[in-house]
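Undergrad:
Residue numbers (our numbering): 7 to 353.
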């Protein structure tokens, strides 16, 4: 007799939009407090009339604010893969709510974007969950960046599309090198994200595709490709780097279950090797994102615009835990602190 019985139910969405999980008004209010959303946005017509969420006039300003305040107050982090006894990522909506709102922790792309999509859906936005492939030009492995920068990983990223007045907008709160603002899904669209950084989206074939024809056109299949240019004013350094490619196809929770399992357990995944935590930074008026502060392994760096500086090098585990608490407002339990394996501890 097997000690591991066959499952009786597998992951799925409810077969009916009305049955889909949404957060209550009280839960939304506590989330707004968690991200320090100012009163002027709490007074948005969207929060009084949910139909206004689907208009650019009222829906877009609130969407922009929610994106900004979420990324500046909810960290992108992978701490559960290092500081825990179970090393397991959950995408359960109630558990994500507790993690993000009650405990003031964050998560990786699938945790942040799954949670954020549910917040938006609960407010009244029309949201589609999608998937992407992160470019190896973004890899933390130097040899991979050097030799494979034109190729992409497998499906390993989550993002959302939000519909406003018949136009889709890309919304991604789960990648520090991502857009950090909603932008229209429009071929050739280009804008400044974190000045002087430019971002763009293009509909084009990816280099690894050998398909000559797609089902609906005479040319090869195309993907939406999100790119970044870090130094647009420097002619010698001006270069567009691929960040990720993505599709408009709707992804389901069971898709993310597979994607999250690989990225959180496979030894080739950098999430299983390196400790990281990032929060974006706003200007004094809190109207635009100007940079980020990031812990990667033992080093904390602050980037404002195009300028990066080291603000702390951690020599011990206690110093790294202190950085998490003081800079990122991330407070781990004693059990979580003890969960880090010896080979990942700082001396």
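Glycine is no exception: its CB is placed at the ideal position from the N, C-alpha and C atoms. In this text the structure is predicted, and so the values were computed from the model without any measurement.
In whole angstroms, what is the alpha-carbon distance linking residue 320 and residue 332?
TA: To locate residue 320, count along the chain shown from 1; it is residue 314. To locate residue 332, count along the chain shown from 1; it is residue 326. Each residue's Cα considered, the two are about 13 Å apart.
Undergrad: Tell me where the alpha helix (DSSP H) around residue 46 begins and ends.
TA: Start at 1 with the first residue of the chain shown, and residue 46 comes out as number 40. Its alpha helix (DSSP H) spans residues 45-48.
Undergrad: For residue 225, count neighbouring C-beta atoms within 10 Å of its own C-beta (all shown protein chains included) and say buried if the count is 16 or more, exposed if not.
TA: Within the chain shown, the letter at position 219 stands for residue 225. Under this definition residue 225 is an exposed residue.
Undergrad: I need the straight-line Cα distance from residue 2 to residue 313, nearest angstrom please.
TA: Here the chain has residues from 7 to 353 only, and residue 2 is not among them.
Undergrad: Here's the rule I'm using: 16 or more other beta-carbon atoms within 10 Å means buried, otherwise exposed. How should residue 258 be labelled?
TA: Counting from 1 along the chain shown, the entry for residue 258 is found at position 252. With fewer than 16 Cβ atoms within 10 Å of its Cβ, residue 258 is classed as exposed.
Undergrad: Is the distance from the Cβ of residue 119 to the Cβ of residue 166 below 8 Å?
TA: The residue given as residue 119 occupies position 113 in the chain shown. The residue given as residue 166 occupies position 160 in the chain shown. Yes, Cβ-Cβ distance for residue 119 and residue 166 is below 8 Å.
Undergrad: Would you be able to state if there are at least three C-beta pairs under 8 Å between the stretch 138-145 and the stretch 85-104?
TA: With the cut-off at 8 Å, the stretch 85-104 and the stretch 138-145 do not touch.
Undergrad: Could you tell me the alpha carbon to alpha carbon distance between residue 206 and residue 243, rounded to whole angstroms?
TA: Counting from 1 along the chain shown, the entry for residue 206 is found at position 200. Counting from 1 along the chain shown, the entry for residue 243 is found at position 237. If you take the alpha carbons of residue 206 and residue 243, they lie about 17 Å apart.
Undergrad: Is the stretch 214-223 touching the stretch 252-270, taking contact as three or more C-beta pairs under 8 Å?
TA: Judged by Cβ distances under 8 Å, the stretch 214-223 makes no contact with the stretch 252-270, as fewer than three pairs qualify.
Undergrad: How many Å lie between residue 91 and residue 347 at the Cα?
TA: Looking up residue 91 in the chain shown gives position 85. Looking up residue 347 in the chain shown gives position 341. Going from the Cα of residue 91 to the Cα of residue 347 covers about 9 Å.
Undergrad: Please name the residue in 296, 292, 240, 326 whose C-alpha comes closest to that of residue 439.
TA: Here the chain comprises residues numbered 7 to 353, so residue 439 is not present and cannot be evaluated.
Undergrad: Hey, is the stretch 73-85 in contact with the stretch 283-291, meaning 3+ C-beta pairs nearer than 8 Å?
TA: Touching, per the Cβ criterion.
Undergrad: Determine the burial state of residue 178: buried for a count of at least 16 other Cβ atoms within 10 Å of its Cβ, exposed for fewer.
TA: What you label residue 178 is simply residue 172 of the chain shown in a count that begins at 1. Buried.
Undergrad: Is there a Cβ of chain D sitting closer than 8 Å to that of residue 308, yes or no?
TA: Here there is only one protein chain, and chain D is not present.
Undergrad: As a quick exercise: from 203, 12, 154, pick the residue whose alpha carbon is nearest that of residue 246.
TA: Reading the chain shown from its first residue, position 240 is the one you call residue 246. Of 203, 12, 154, the residue nearest in Cα terms is 203.
Undergrad: Count the other CB atoms, across all protein chains shown, that sit within 10 Å of the CB of residue 159; report buried if there are 16 or more and exposed otherwise.
TA: The sequence position of residue 159 within the chain shown is 153, counting from 1. With 16 or more other Cβ atoms within 10 Å, it is buried.
Undergrad: Checking 8 Å against the spacing of the C-beta atoms, do residue 29 and residue 103 come in under that value?
TA: One-based indexing of the chain shown puts residue 29 at position 23. One-based indexing of the chain shown puts residue 103 at position 97. Their beta carbons are under 8 Å apart, which means residue 29 touches residue 103 by this criterion.
Undergrad: Quick one, are the C-beta atoms of residue 310 and residue 296 less than 8 Å apart?
TA: One-based indexing of the chain shown puts residue 310 at position 304. One-based indexing of the chain shown puts residue 296 at position 290. Cβ atoms of residue 310 and residue 296: closer than 8 Å.
Undergrad: Measuring only the C-alpha atoms, how far is residue 52 from residue 61?
TA: Working through the chain shown from its first residue, we reach residue 52 at position 46. Working through the chain shown from its first residue, we reach residue 61 at position 55. So the two alpha carbons sit approximately 9 Å from each other.
Undergrad: Please say whether residue 230 and residue 251 have beta carbons closer to each other than 8 Å?
TA: By 1-based counting over the chain shown, the position of residue 251 is 245. By 1-based counting over the chain shown, the position of residue 230 is 224. Closer than 8 Å, so yes.
Undergrad: Per DSSP, residue 169 forms a beta bridge with which residues?
TA: Within the chain shown, the letter at position 163 stands for residue 169. Paired residues: 132, 174.
Undergrad: So is residue 73 buried or exposed if we call it buried at 16+ other beta carbons inside 10 Å?
TA: To locate residue 73, count along the chain shown from 1; it is residue 67. Buried: at least 16 other Cβ atoms inside 10 Å.
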